[in-house]
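Inspection log for the structure reproduced underneath, given as structure tokens.
There are 2 protein chains.
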Amino acid sequence: MRLPQLTRKSMERYLPILEWSKTYDKDTLTSDLVAAIIVTIMLIPQSLAYALLAGLPAEMGLYASILPLVAYAVFGTSRALAVGPVAVVSLMTAAAVGNLALQGTAEYAIAAITLAFISGLFLLVMGIFRLGFLANFLSHPVIAGFITASGVLIATSQLKHLFGIQAEGHNLVQLVISLFENQHLTNPITLFIGLTTTGFLFWVRKGLKPLLLGMGLKPRLADILAKAGPVGAVVATTLVTWAFGLHDKGVKIVGDVPMGLPPLTMPSFDADLWSSLLVSAILISIIGFVESVSVAQTLAAKKRQRIVPDQELVGLGASNIASAISGGYPVTGGFARSVVNFDAGAETPAAGAFTAVGILLAALLLTPLLFFLPKATLAATIIVAVLSLVDFSILSKTWNYSKVDFAAVAATIFLTLGFGVEMGVSAGVILSIGLFLYKTSRPHVAEVGLVPGTQHFRNILRHDVETHPEIVTLRIDESLYFANARFLEDYIYNRIACDEPIRHVVLMCSAVNEIDMSALESLEAINHRLIDLDIKLHLTEVKGPVMDRLKRSHFLDELSGEVFLAQYDAVVKLTRPHPVAAQ
Amino acid sequence: MRLPQLTRKSMERYLPILEWSKTYDKDTLTSDLVAAIIVTIMLIPQSLAYALLAGLPAEMGLYASILPLVAYAVFGTSRALAVGPVAVVSLMTAAAVGNLALQGTAEYAIAAITLAFISGLFLLVMGIFRLGFLANFLSHPVIAGFITASGVLIATSQLKHLFGIQAEGHNLVQLVISLFENQHLTNPITLFIGLTTTGFLFWVRKGLKPLLLGMGLKPRLADILAKAGPVGAVVATTLVTWAFGLHDKGVKIVGDVPMGLPPLTMPSFDADLWSSLLVSAILISIIGFVESVSVAQTLAAKKRQRIVPDQELVGLGASNIASAISGGYPVTGGFARSVVNFDAGAETPAAGAFTAVGILLAALLLTPLLFFLPKATLAATIIVAVLSLVDFSILSKTWNYSKVDFAAVAATIFLTLGFGVEMGVSAGVILSIGLFLYKTSRPHVAEVGLVPGTQHFRNILRHDVETHPEIVTLRIDESLYFANARFLEDYIYNRIACDEPIRHVVLMCSAVNEIDMSALESLEAINHRLIDLDIKLHLTEVKGPVMDRLKRSHFLDELSGEVFLAQYDAVVKLTRPHPVAAQ
Numbered sequence: 000m001r002l003p004q005l006t007r008k009s010m011e012r013y014l015p016i017l018e019w020s021k022t023y024d025k026d027t028l029t030s031d032l033v034a035a036i037i038v039t040i041m042l043i044p045q046s047l048a049y050a051l052l053a054g055l056p057a058e059m060g061l062y063a064s065i066l067p068l069v070a071y072a073v074f075g076t077s078r079a080l081a082v083g084p085v086a087v088v089s090l091m092t093a094a095a096v097g098n099l100a101l102q103g104t105a106e107y108a109i110a111a112i113t114l115a116f117i118s119g120l121f122l123l124v125m126g127i128f129r130l131g132f133l134a135n136f137l138s139h140p141v142i143a144g145f146i147t148a149s150g151v152l153i154a155t156s157q158l159k160h161l162f163g164i165q166a167e168g169h170n171l172v173q174l175v176i177s178l179f180e181n182q183h184l185t186n187p188i189t190l191f192i193g194l195t196t197t198g199f200l201f202w203v204r205k206g207l208k209p210l211l212l213g214m215g216l217k218p219r220l221a222d223i224l225a226k227a228g229p230v231g232a233v234v235a236t237t238l239v240t241w242a243f244g245l246h247d248k249g250v251k252i253v254g255d256v257p258m259g260l261p262p263l264t265m266p267s268f269d270a271d272l273w274s275s276l277l278v279s280a281i282l283i284s285i286i287g288f289v290e291s292v293s294v295a296q297t298l299a300a301k302k303r304q305r306i307v308p309d310q311e312l313v314g315l316g317a318s319n320i321a322s323a324i325s326g327g328y329p330v331t332g333g334f335a336r337s338v339v340n341f342d343a344g345a346e347t348p349a350a351g352a353f354t355a356v357g358i359l360l361a362a363l364l365l366t367p368l369l370f371f372l373p374k375a376t377l378a379a380t381i382i383v384a385v386l387s388l389v390d391f392s393i394l395s396k397t398w399n400y401s402k403v404d405f406a407a408v409a410a411t412i413f414l415t416l417g418f419g420v421e422m423g424v425s426a427g428v429i430l431s432i433g434l435f436l437y438k439t440s441r442p443h444v445a446e447v448g449l450v451p452g453t454q455h456f457r458n459i460l461r462h463d464v465e466t467h468p469e470i471v472t473l474r475i476d477e478s479l480y481f482a483n484a485r486f487l488e489d490y491i492y493n494r495i496a497c498d499e500p501i502r503h504v505v506l507m508c509s510a511v512n513e514i515d516m517s518a519l520e521s522l523e524a525i526n527h528r529l530i531d532l533d534i535k536l537h538l539t540e541v542k543g544p545v546m547d548r549l550k551r552s553h554f555l556d557e558l559s560g561e562v563f564l565a566q567y568d569a570v571v572k573l574t575r576p577h578p579v580a581a582q
Numbered sequence: 000m001r002l003p004q005l006t007r008k009s010m011e012r013y014l015p016i017l018e019w020s021k022t023y024d025k026d027t028l029t030s031d032l033v034a035a036i037i038v039t040i041m042l043i044p045q046s047l048a049y050a051l052l053a054g055l056p057a058e059m060g061l062y063a064s065i066l067p068l069v070a071y072a073v074f075g076t077s078r079a080l081a082v083g084p085v086a087v088v089s090l091m092t093a094a095a096v097g098n099l100a101l102q103g104t105a106e107y108a109i110a111a112i113t114l115a116f117i118s119g120l121f122l123l124v125m126g127i128f129r130l131g132f133l134a135n136f137l138s139h140p141v142i143a144g145f146i147t148a149s150g151v152l153i154a155t156s157q158l159k160h161l162f163g164i165q166a167e168g169h170n171l172v173q174l175v176i177s178l179f180e181n182q183h184l185t186n187p188i189t190l191f192i193g194l195t196t197t198g199f200l201f202w203v204r205k206g207l208k209p210l211l212l213g214m215g216l217k218p219r220l221a222d223i224l225a226k227a228g229p230v231g232a233v234v235a236t237t238l239v240t241w242a243f244g245l246h247d248k249g250v251k252i253v254g255d256v257p258m259g260l261p262p263l264t265m266p267s268f269d270a271d272l273w274s275s276l277l278v279s280a281i282l283i284s285i286i287g288f289v290e291s292v293s294v295a296q297t298l299a300a301k302k303r304q305r306i307v308p309d310q311e312l313v314g315l316g317a318s319n320i321a322s323a324i325s326g327g328y329p330v331t332g333g334f335a336r337s338v339v340n341f342d343a344g345a346e347t348p349a350a351g352a353f354t355a356v357g358i359l360l361a362a363l364l365l366t367p368l369l370f371f372l373p374k375a376t377l378a379a380t381i382i383v384a385v386l387s388l389v390d391f392s393i394l395s396k397t398w399n400y401s402k403v404d405f406a407a408v409a410a411t412i413f414l415t416l417g418f419g420v421e422m423g424v425s426a427g428v429i430l431s432i433g434l435f436l437y438k439t440s441r442p443h444v445a446e447v448g449l450v451p452g453t454q455h456f457r458n459i460l461r462h463d464v465e466t467h468p469e470i471v472t473l474r475i476d477e478s479l480y481f482a483n484a485r486f487l488e489d490y491i492y493n494r495i496a497c498d499e500p501i502r503h504v505v506l507m508c509s510a511v512n513e514i515d516m517s518a519l520e521s522l523e524a525i526n527h528r529l530i531d532l533d534i535k536l537h538l539t540e541v542k543g544p545v546m547d548r549l550k551r552s553h554f555l556d557e558l559s560g561e562v563f564l565a566q567y568d569a570v571v572k573l574t575r576p577h578p579v580a581a582q
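If you're matching them up, the sequences are chains A and B in order. For the first sequence, the residue numbers in numbering that gives the first Met the number 0 are 0 to 582. For the second sequence, the residue numbers in numbering that gives the first Met the number 0 are 0 to 582.
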């Protein structure tokens, strides 16, 4: 009777909690609790700030940091990933929903909730059908460029809160123009609070921990205090605003944040809304998944653990659906937050669940204290957080290494800044794939000769090699498929048109990983054309899977020459009857 | 002073007529004239029929066979291509325009003219920017499947004329349902004419030429007479219809066809119309170009001539623009017609220009004689012509050779039949590219060993080879790029997790034609992970262009192992300190 065991195995695949909970003990609990406290302290101001970035009421940031964390703890495979609202996804939410409804309206909030729901469903379906590999089509440089450009966009979009003015736009040009148009309305007190907080937070990041250590504090405590910097800024600026009545002097504050449990919400099932949000939801899902999986993989590698990307899709899908039914908006695994969680010693996803409890307590007890919190403080929190994501060095790195990668990155950055996040990331993906296809459609073909004293063949232009005038050996550095089938024909016809005494064309197929039907037809055409010219066509070093397939066609029967296991065998055999041969 | 010569060279590139006209003599003229006469005889009924297939007045088929042929003669590079209305493009025109206007209205005709104009512009721009390679992304099997499915659709769409009933639809299901619903209205005389003509034309194709040869006619004359079969059917059925007044008995006839020169027409420049037609125009351009270039290349190869695909784009673009300004609709190089032109001895594109004169004479003189021509005769002409394109053997061929190709073909055929030509061909292209990307994202990786007595390494699963327990040699059968970078990491981590005593991982890069930035980052990650496990990473047989690029990064400085020119060198060196080594 093996069924129960099988069922448990397959349940563990879909419910990783069943696996790690088996070995959960008091030590693990302590580690997880400490990590949860630190992440909670960090997450409270962040979640409020990112909700504002998404154009949503501050409490939705808190709601998005409760149930989604519990859902991830049940379904996710990463031991350290901290899920919740993140900067890029919040910006993408604003871009997606901003076209459909006005900020501050109920429609806007419902659209954001629906976006989380669609995104969750999409991730879940991707996970169930194991389509996680699709995320691989976002190249690393494109992601890096996108994150950098998004960071710039986000920081710029927050400047309005620092200045206390209005400014709108989904791209850099609109934002900058809007800021300049309204800069005469700058509120000096707001600007002072904003700049002071920004400066303080930058100092906390770089200078506070060394200072505390220098003062003799234990490293762990110094660490916690440094992480609590944003909370300190929140407390200090809220007190100052309250004490001096700054909100009456034009300093914009967060205001009334409802107290209590997250509400039970329902996404809209309006077909028009779904079709308007679908593309955005897919983009958010993919970007969120890629960001989350990268972090999770990096952290798992440090502890020799493994994550299961397809199950991560299920975990993030469940998180987003949980967010949608509890008044939240799209969430994913955050970079900074997860690193903090990891460094703080989180051992299992339970740390996330404990963080959720912390945020829940904040939502139940602390929200009235947030009334006088200046929006400029939250903006400063965001600016300091996202500027750490900005890294234009990817441009110089790719420029040095590969112009094709550079083109994809530059286009992604330019289009993200100039036309918004959705355009940027779509263009990045399409361009990466397009450039790859273009390269494979014009493969590198090397004419090769024998490296003296070996059985190894290399490019005649790069190495000092032996060749034979009657034999042309071409090493095709690409799989042969429809996009380059015609190129190969042209290449060979041009090559044999140059020299007279050619009697053998040898195609060295060591780099040919595939010959599709179109390429097979081209090879047949080449074979027939060469027969007309009294030249024999030979293949060498054909790989097993390619050979299997060729054997199922008529090509090998019609081939004028032979198929050799090794290039060396071909040269030995073809030059044998000629005593003057080079070899 | 070399400018004039340069200018002439570059003018010859864009105006191939300048080149071939230099050697034009009386013999060439005779050959071209004979070919032109045969093609004219073939083209008159075809052009009328295809106009009807496109839902246009018959005379537009004639107009599309005059000026476009002259334009191609000036700008085209193929010596034998015969341009004009063709079946598949006519069907695609009907599909594109049928959504926008009712057949028989002026709007419908103007939309078709505009479609030719946009398509011409698109081809011209593609040609000027030398984007002909884009057509390579249509794989041979997808084209074959598309042509076959279109042939079935076209033949089915013509059955209504054979039965003398109404039937509409852009896909097979709609057409068949529509035919069944209206079959009780069948006109028996029309059906008799239609079936007789169809039978006669099939017999002409197969049986007439041998019969004539058996009667002692010269081959060339027998050939011309056999090609004139459709004209014979046109004359005979027209006479019968006129003599017995069959049009009063319900036999639908072509009716009044205006006599005279092609009119000077202007495409519409309505922005809405352009945006509705744009996608269709692009699809028509690409399909037309691919069909045309395939024919042109096949025929050129037979005479050791070459065509220039990018200049072919210019030639076809000019033809379509010529068609748009002279009352025609989209045209391209036709398969059957070009083969006839070639077999009849056409030497230069001038044959096309002479054909244009022949059709012009027909338009000036013969149109009144077409009044009583039954539409059933034209339908029979189309059915017989397109059924020669139908060849489902591509399904079994691809099934045997490659399931991936089969999937693309089957989807193309199914979607073309089920959802129309535009859906079919779009899906074919997207699926071909998608499946290629999918394959490359999960590359074949072979663990290899030394073939005894050689320096050649092959798959340990397929060949009897020598290996060494401390060395794992992996041959990666794919370029390393963003889509498979993560796959490689996972593969290697899994492989080294299996065995204990591994001390060297050797990546044999003979099939790695590219390492992009994403893959480089993965290699760096692999290198660091292996260092942690005290395993060295080596590369062998790295190609020149790949090595050039690696040298520009820091990877080679950090690499724990070495880069070997040949796999054999690596094994010799790595096993040297161990006297028990297998090699």
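Every residue, glycine too, gets a C-beta built ideally from N, C-alpha and C.
Could you pull the DSSP bridge partners for residue 128/A from this structure?
In DSSP, residue 128/A forms no bridge with anything.
Tell me which residues share the same chain as residue 54/A and place their Cβ nearer than 6 angstroms to its Cβ, disregarding the 5 neighbours each side in the sequence.
93, 102
Hey, residue 350/A and residue 35/A: beta-carbon distance below 8 angstroms or not?
yes
Taking all protein chains shown into account, decide if residue 13/A is buried (16 or more other Cβ within 10 angstroms of its Cβ) or exposed.
exposed
Locate the beta strand (DSSP E) running through residue 60/A, then write down its first and last residues.
Here residue 60/A belongs to no beta strand (DSSP E); instead the alpha helix (DSSP H) covers 57-62.
So, under 8 angstroms CB-CB, residue 89/A and residue 52/A are touching, yes? Tell me the CB distance rounded to an integer number of Å.
4 angstroms
Tell me whether the segment 407-416 of chain A and the segment 144-154 of chain A touch, counting them as touching only if at least three CB pairs, one residue from each stretch, are closer than 8 angstroms.
yes
Is there contact here, the segment 356-368 of chain B with the segment 294-314 of chain B, by at least three beta-carbon pairs under 8 angstroms?
no
May I ask you to list, following chain order, the residues of the segment 445-465 of chain B that have a beta carbon less than 9 angstroms from some beta carbon of chain A?
445, 450, 453, 454, 455, 457, 458, 460, 461, 462
Pairwise C-alpha distance: residue 339/A and residue 37/A
8 angstroms
Contact between the segment 453-466 of chain A and the segment 417-427 of chain A (3+ Cβ pairs under 8 angstroms)
no
Would you mind giving the Cβ-Cβ distance between residue 528/A and residue 492/A, rounded to the nearest angstrom? I have them listed as a contact below 8 angstroms.
7 angstroms
Let me know the alpha helix (DSSP H) ranges lying completely inside the segment 367-410 of chain B, each 4 residues or longer, listed in chain order.
374-386, 392-400
N- and C-terminal bounds of the alpha helix (DSSP H) containing residue 448/A
Per DSSP, residue 448/A belongs to no alpha helix (DSSP H); it is in the beta strand (DSSP E), 444-449.
Restricting to runs no shorter than 4 residues, where is the alpha helix (DSSP H) found entirely within the segment 214-258 of chain B?
218-226, 228-243
Residue-level contact to chain A via CB, residue 542/B, 8 angstroms cutoff
yes
Is the CB of residue 575/A under 8 angstroms away from at least one CB in chain B?
no
For the beta strand (DSSP E) containing residue 470/B, name the first residue and the last one.
470-475
CB of residue 400/A within 8 angstroms of CB of residue 478/B, strictly:
no
Can you give the beta carbon distance from residue 484/B to residue 521/B, rounded, assuming they're within the 8 angstroms contact cut?
4 angstroms
Euclidean distance between Cα positions of residue 381/B and residue 197/B:
9 angstroms
Mind checking if residue 309/B is an interface residue toward chain A, Cβ cutoff 8 angstroms exclusive?
no
Would DSSP call residue 527/B helix, strand or coil?
helix
Could you say which of 127/B, 50/B, 161/B lies nearest to residue 112/B if we only look at CA atoms?
50/B
Stretch pair the segment 115-132 of chain B + the segment 373-389 of chain B: three plus CB contacts closer than 8 angstroms:
no
Taking only three categories from DSSP, how would you classify residue 456/B?
strand
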